[in-house]
Each structure stands twice: as structure tokens, then as C-alpha cells.
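Residue numbers (our numbering): 1 to 123.
A virtual CB, placed ideally from N, CA and C, is assigned to each residue, including glycine.
Shown next, in C-alpha cells, is the structure this report addresses.
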């Protein structure tokens, strides 16, 4: 939806909903040599608090992994470290619960640069 357009049906309701938005999708990377991250893994902030869940993750030929997660905290900037708790049943957790980090990742730009050999590290 393009908000620069002066009018479309539902524009006012959409703008109002955006102001109350609590979740966002972030792209993250995990270095090579770590355990596989699966959909449903719990995402943690620096303090070990639950802030969301992994929606998808795939390995790259370099061994690194990239994935997407839905998180309940706006403003996670590129390069922000996140923790991933693997094997934890997310349905038993609440936002704000604390867990130890199992795998460390970092927030990546939402849309990657494309080219041969570009992985999580950008090399």
C-alpha cells in the first residue's frame, strides 16, 4: 500500500492501524558452524527476553544461515545481536519470558544485495 496517494478506500483505517503496529518482520543471519535454526525457534533480545519467533530459515552454500522472524519490538536495527533458543516449545512461552541464548545471530538488512558469494557476512 502506498500512503503517498491522497485517497484510497480504507486509507484512514490503515494509517490508524500502522500507528498501533507492534510487530515487524526482520531478516537475520547466523554464522557458519551453528546448529540449524528451524521455524518456530524463539527469538530473544540481549537480556534473554522472548521477543518473537522464527518464521523461516535456510542454509547458504557457505554454511551460514539466513532467516526471517516476527518480533514484537520495533526498531531492531541492522547489526543488532539476537539470540535464538532452539528446541523450546513456543506455545508454552509468553512475551517477556527469559531464556538462555543457544545460538547468536544478528539482524540483517531486510532486502539483501545480490551477487555471487554474498552471504551473511556480505563477502
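*With residue 66 as the anchor, note down where its beta strand (DSSP E) starts and where it stops.*
65-71
*In angstroms, rounded to a whole number, what distance separates the CA positions of residue 103 and residue 75?*
21 Å
*Report buried or exposed for residue 9, applying the criterion of at least 16 other Cβ atoms within 10 angstroms of its Cβ.*
exposed
*With residue 11 as the anchor, note down where its alpha helix (DSSP H) starts and where it stops.*
11-19
*Answer with buried or exposed for residue 28, where buried requires no fewer than 16 other C-beta atoms within 10 angstroms of its C-beta.*
buried
*According to the neighbour-count rule (16 or more other Cβ atoms, all chains shown, within 10 Å of its Cβ), is residue 51 buried or exposed?*
buried
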